[in-house]
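This report refers to the structure that appears directly beneath it.
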Amino acid sequence: MCRFRLVVVLCALMLTSCAATMRNFRSAQLLENLGNEYYLLASLYEESGKYDKALELYRKARTAGSDKTERELTFKIARNAALAKDWDAALKEYESLLKTDSGNLLVQKSVAWIYGQKGNFDKAEQAYAALYESHPYDKDVCTNYILVLHALQKTEKAREVFSSYIELYPDAANKADLEKLFDTGEKNTEKAD
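Structure representation (structure tokens):
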């Protein structure tokens, strides 16, 4: 009789343990589904240009546990933070991506661009100089490097980069706009004389 009670008690414990495990499994599954729903909604907001709302939902997707990789979510958060002009949040996320993939050109360009947007032209210059050295044929790198050098009033270096850029891309769509930077600088110098 004592063994029978022991078996009944053990069976009852096993059943409650299995039920609790199933509840936990369902909760984890629901949480992942919730993360995926947040991700889907964030994507829709991103497509419609509501980057601050997309940013909020991508963060919730990361917290809830989406089936997307941490890297993908971090990139989406960084991109939407930048598009929402939340420079500090964007920089933090992009820099965390650089720690694991320092050779990612898109992330490197984004970090350099954000430095410029924040008005930190010294750091932007360093970042663009390194990018220009390794990717002198990249139009975005050349253009933004010229703009940063111009902002720092490093006209000679800006002209040097501009000359190389025009040699590579004589029909560049932004050629006239970049030339105006130097025309304005020359006119200001003439007025000072």
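All residue numbers for the sequence shown refer to this note's numbering, where the first residue is 15 and numbers rise by one. Where a beta carbon is used, it is the ideal one built from N, C-alpha and C, also for glycine.
Reference N50, options K64, D81, E70, E60, closest by Cα: Reading the sequence shown from its first residue, position 36 is the one you call residue 50. For N50, the nearest C-alpha among the options comes from D81.
Same chain, Cβ closer than 6 angstroms to Y159, five either side skipped, listed in chain order: Residue 159 sits at position 145 when you count from the first residue of the sequence shown. Around Y159: Y142, Y146, V175.
Is the beta carbon of F135 less than 8 angstroms from the beta carbon of L105? The residue given as residue 135 occupies position 121 in the sequence shown. The residue given as residue 105 occupies position 91 in the sequence shown. No, these two residues do not count as a Cβ contact at 8 angstroms.
Sorted by chain position, which residues of the same chain lie with C-beta nearer than 6 angstroms to A92's C-beta, five sequence neighbours on each side aside? By one-based count along the sequence shown, residue 92 stands at place 78. A104, E107, Y108, listed in sequence order.
Distance between beta carbons of G130 and V155, contact taken as under 8 angstroms: Taking the sequence shown and counting its residues from 1, the one referred to as residue 155 is at position 141. Taking the sequence shown and counting its residues from 1, the one referred to as residue 130 is at position 116. That belief does not hold up - the Cβ atoms of V155 and G130 are roughly 12 angstroms apart, past 8 angstroms.
Is the Cβ-Cβ distance between S110 and T88 less than 8 angstroms? In the sequence shown, the residue the question calls residue 110 occupies position 96. In the sequence shown, the residue the question calls residue 88 occupies position 74. Contact flag set, yes.
Please name the residue in A126, A78, E61, Y59 whose C-alpha comes closest to that of L48. Locating residue 48 in the sequence shown gives position 34, counting from the first residue. Closest option to L48, Cα to Cα, is A78.
Nearest CA to the CA of A144: which residue from T114, A126, E70, R85? On the sequence shown, position 130 is the one that residue 144 refers to. Comparing Cα positions, the closest option is A126.
Assumed close pair S8, A96 - CB separation to whole angstroms, cut-off 8 angstroms: Residue 8 cannot be examined here, being either before or after the span of the chain that is shown, 15 to 207.
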